[in-house]
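S.K.: Residue numbering for the sequence shown follows the numbering used here, starting at 1 and increasing by one per position.
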Amino acid sequence: MKAIVMHEYGGPEVLRYEDVPNPKPRQDQVLVRVKACALNHLDVWVRKGTTKSPLPHIPGSDVAGEIVEIGEWVTGFKPGQRVLLAPMTFCNHCEACTAGRQNECPEYSVLGNRVNGGDCELIAVPPVNVIPIPDTLGFNEAASVPLVFVTAWHMLVGRANLRPGQTVLVLGANSGVGIAGIQVAKLFNATVIATAGDDRKAEGARKLGADYVINHYTQKISEEVRRITNKRGVDIVMEHVGNATWEESVKSLKNAGTLVTCGATTGPEVGIDLRFVYSRQLSILGSYMGTMGELNQVLKLVFDGKLKPVMDRAFPLKEANAAHEYLEKSQMFGKVVLNP
Ligand SMILES: [Zn+2]
Numbered sequence: 001m002k003a004i005v006m007h008e009y010g011g012p013e014v015l016r017y018e019d020v021p022n023p024k025p026r027q028d029q030v031l032v033r034v035k036a037c038a039l040n041h042l043d044v045w046v047r048k049g050t051t052k053s054p055l056p057h058i059p060g061s062d063v064a065g066e067i068v069e070i071g072e073w074v075t076g077f078k079p080g081q082r083v084l085l086a087p088m089t090f091c092n093h094c095e096a097c098t099a100g101r102q103n104e105c106p107e108y109s110v111l112g113n114r115v116n117g118g119d120c121e122l123i124a125v126p127p128v129n130v131i132p133i134p135d136t137l138g139f140n141e142a143a144s145v146p147l148v149f150v151t152a153w154h155m156l157v158g159r160a161n162l163r164p165g166q167t168v169l170v171l172g173a174n175s176g177v178g179i180a181g182i183q184v185a186k187l188f189n190a191t192v193i194a195t196a197g198d199d200r201k202a203e204g205a206r207k208l209g210a211d212y213v214i215n216h217y218t219q220k221i222s223e224e225v226r227r228i229t230n231k232r233g234v235d236i237v238m239e240h241v242g243n244a245t246w247e248e249s250v251k252s253l254k255n256a257g258t259l260v261t262c263g264a265t266t267g268p269e270v271g272i273d274l275r276f277v278y279s280r281q282l283s284i285l286g287s288y289m290g291t292m293g294e295l296n297q298v299l300k301l302v303f304d305g306k307l308k309p310v311m312d313r314a315f316p317l318k319e320a321n322a323a324h325e326y327l328e329k330s331q332m333f334g335k336v337v338l339n340p
């Protein structure tokens with residue numbers, strides 16, 4: 001089969017389109033023909049070697065496709081079935097996994113990070129990862145869902161305990177997590193303040209339901225938040241930008257507010273004034289992907305049309321390097337997808 005293979009870490013040029021042997025599914029696995037694999041910012045970290053995936057490596061976390069072959073120990077699926085893959089790997093037998101908290105598993109990882117992923121034509125996975133999709137959902141749309149929606153759901157619902165009517169600040173509205181976050185927050189009738197880098201992205205955020213949009217290049221986020229909330233601040237800040245916005249994000253919180261973070265796109269080193277944290281009783285929470293239960297909850301809402309995947313653009317698999325360059329320019333609104 002054809003696959004995107006990295007033999008070294010580096011720029012987009014290390015993504016090589018090559019022939020590799022077809023994976024042979026074990027008796028306890030399902031073989032899936034990849035129709036679409038969406039990019040995430042994680043793909044950039046994997047490519048640069050930040051996460052130290054063993055080489056050679058096939059990246060790609062968000063897969064949608066069709067079942068080709070079913071191992072003899074697997075029941076409940078049929079060839080030709082349209083599916084998406086849960087974008088995580090875990091042991092499925094430790095205390096955390098059996099309690100349904102897979103993202104606390106010592107072996108937890110993201111598909112395509114440290115284990116080979118879906119930037120290829122065929123992938124063999126355990127049946128626990130295989131989730132049938134409705135015929136109404138296209139492969140590109142299906143691939144645009146799993147990682148960002150489970151991440152946004154775990155951040156806002158699982159970690160920050162979002163309740164109806166709260167005010168949420170969503171950083172980076174054009175990113176996959178931002179797009180999912182705005183929609184999840186609106187499901188709870190939250191007031192959503194989003195940030196975006198230009199008018200086109202701001203318009204996209206408003207269409208998804210954002211009540212207010214701040215331009216994070218030309219406006220000071222915390223000042224705008226104070227103006228919008230009558231000096232009160234927001235209940236929850238959804239962070240994934242890191243260094244560039246951290247200070248403004250913390251300043252935007254109301255007393256006893258919660259900042260939840262799942263990433264550090266612009267850099268992981270940030271400062272924090274502890275006097276703010278204790279005197280204003282702030283909660284600062286980390287969040288990593290989500291559980292299988294949360295994935296299934298959020299997928300049901302997608303399948304019912306209550307949450308909508310947003311795709312920006314598809315590239316042929318062999319142009320993965322061009323897709324990475326496009327992603328890194330951050331000009332997209334929605335997911336960038338590869339088609340084998
Ligand atoms: Zn486990």
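Where a beta carbon is used, it is the ideal one built from N, C-alpha and C, also for glycine.
In whole angstroms, give me the CA-to-CA distance for Val130 and Glu224.
M.R.: As a working mapping, residue 130 is identified with position 130 in the sequence shown. As a working mapping, residue 224 is identified with position 224 in the sequence shown. Between Val130 and Glu224, the C-alpha separation is close to 43 angstroms.
S.K.: Work out the CA separation of Asp235 and Gly158 for me, nearest whole Å.
M.R.: As a working mapping, residue 158 is identified with position 158 in the sequence shown. As a working mapping, residue 235 is identified with position 235 in the sequence shown. Rounded to whole angstroms, Gly158 to Asp235 spans 15 angstroms at the Cα level.
S.K.: Output yes or no for whether 7 angstroms exceeds the beta carbon distance between Asn255 and Arg275.
M.R.: By one-based count along the sequence shown, residue 255 stands at place 255. By one-based count along the sequence shown, residue 275 stands at place 275. No, the pair does not count as a contact, with Cβ atoms beyond the cut-off.
S.K.: Please list, following the chain, all residues that have a C-beta closer than 5 angstroms to any non-hydrogen atom of ligand 1.
M.R.: Matched residues: Phe90, Cys91, Cys94, Cys97, Cys105.
S.K.: Can you check whether the CB of Pro25 is closer than 7 angstroms to the CB of Gly71?
M.R.: The count along the sequence shown starts at 1 and reaches residue 71 at position 71. The count along the sequence shown starts at 1 and reaches residue 25 at position 25. Yes.
S.K.: Which residue comes first and which comes last in the alpha helix (DSSP H) that contains Tyr212?
M.R.: On the sequence shown, residue 212 is found 212 positions in, with the first residue counted as 1. Per DSSP, Tyr212 belongs to no alpha helix (DSSP H); it is in the beta strand (DSSP E), 212-215.
S.K.: Strictly by DSSP, which residues pair up with Leu253?
M.R.: On the sequence shown, position 253 is the one that residue 253 refers to. Beta-bridge pairing links Leu253 to Val234.
S.K.: Look up Glu8 in the DSSP assignment and say whether it is helix, strand or coil.
M.R.: In the sequence shown, counting from the first residue as 1, residue 8 sits at position 8. The DSSP-derived three-state label of Glu8 is coil.
S.K.: Are the CB atoms of Phe139 and Ala64 within a distance shorter than 7 angstroms?
M.R.: Position 64 of the sequence shown, counted from the start, is the residue given in the question as residue 64. Position 139 of the sequence shown, counted from the start, is the residue given in the question as residue 139. Contact flag set, yes.
S.K.: In whole angstroms, what is the alpha-carbon distance linking Asp312 and Gly334?
M.R.: Here residue 312 refers to the residue found at position 312 when the sequence shown is read from its first residue. Here residue 334 refers to the residue found at position 334 when the sequence shown is read from its first residue. Asp312 and Gly334: Cα-Cα distance of roughly 5 angstroms.
S.K.: Across which residues does DSSP place Gly286 in a beta bridge pair?
M.R.: As a working mapping, residue 286 is identified with position 286 in the sequence shown. Answer is Thr261, bridged to Gly286.
S.K.: Give the DSSP-derived three-state secondary structure of Gly204 in the structure shown.
M.R.: Stepping through the sequence shown from its first residue, residue 204 is reached at position 204. Helix.
S.K.: Is the distance from the Cβ of Asn40 to the Cβ of Leu147 below 7 angstroms?
M.R.: For the purposes of this step, residue 40 is taken as residue 40 along the sequence shown, with counting starting at 1. For the purposes of this step, residue 147 is taken as residue 147 along the sequence shown, with counting starting at 1. A contact, by the Cβ cut-off of 7 angstroms.
S.K.: In the stretch 268-336, which residue ranges form an unbroken beta strand (DSSP E) of at least 3 residues, counting only runs that do not cross its ends?
M.R.: 283-286, 311-316
S.K.: Apart from the five residues on each side of it in sequence, which residues of its chain come closer than 7 angstroms, Cβ to Cβ, to Cys91?
M.R.: The residue you call residue 91 lines up with position 91 of the sequence shown. Counting only Cβ-Cβ distances below 7 angstroms, and skipping sequence neighbours, we find Cys97, Cys105, Glu107.
S.K.: What do you get for Lys48, buried or exposed, if any count of 16 or more other CB atoms within 10 angstroms of its CB means buried?
M.R.: By 1-based counting over the sequence shown, the position of residue 48 is 48. Exposed is the call here.
S.K.: Would you kindly check if the distance between the Cβ of Met6 and the Cβ of Glu121 is under 7 angstroms?
M.R.: Against the sequence shown, residue 121 aligns to sequence position 121. Against the sequence shown, residue 6 aligns to sequence position 6. No.
S.K.: Run the proximity test for Met155: is its beta-carbon closer than 6 angstroms to any non-hydrogen atom belonging to ligand 2?
M.R.: Among the ligands modelled here, namely ligand 1, ligand 2 does not occur.
S.K.: Considering just the uninterrupted stretch of the beta strand (DSSP E) at Gly62, what are its terminal residues?
M.R.: Within the sequence shown, residue 62 is the residue found at index 62, counting from 1. The sequence shown places Asp at residue 62, rather than the Gly named in the question. Its beta strand (DSSP E) spans residues 62-70.
S.K.: Would you kindly work out how many angstroms separate the C-alpha atoms of Gly165 and Met88, rounded to a whole number?
M.R.: The sequence position of residue 165 within the sequence shown is 165, counting from 1. The sequence position of residue 88 within the sequence shown is 88, counting from 1. Those two C-alpha atoms are separated by around 32 angstroms.
S.K.: Since Arg227 is in the alpha helix (DSSP H), which residue starts that stretch and which ends it?
M.R.: Position 227 of the sequence shown holds residue 227. First-last of the alpha helix (DSSP H) with Arg227: 221-228.
S.K.: On the premise that Ala202 lies in contact with Val213, defined as a C-beta separation below 8 angstroms, what is that separation, rounded to the nearest angstrom?
M.R.: Sequence index remark: in the sequence shown, residue 213 carries index 213 (1-based). Sequence index remark: in the sequence shown, residue 202 carries index 202 (1-based). Confirmed, about 4 angstroms.
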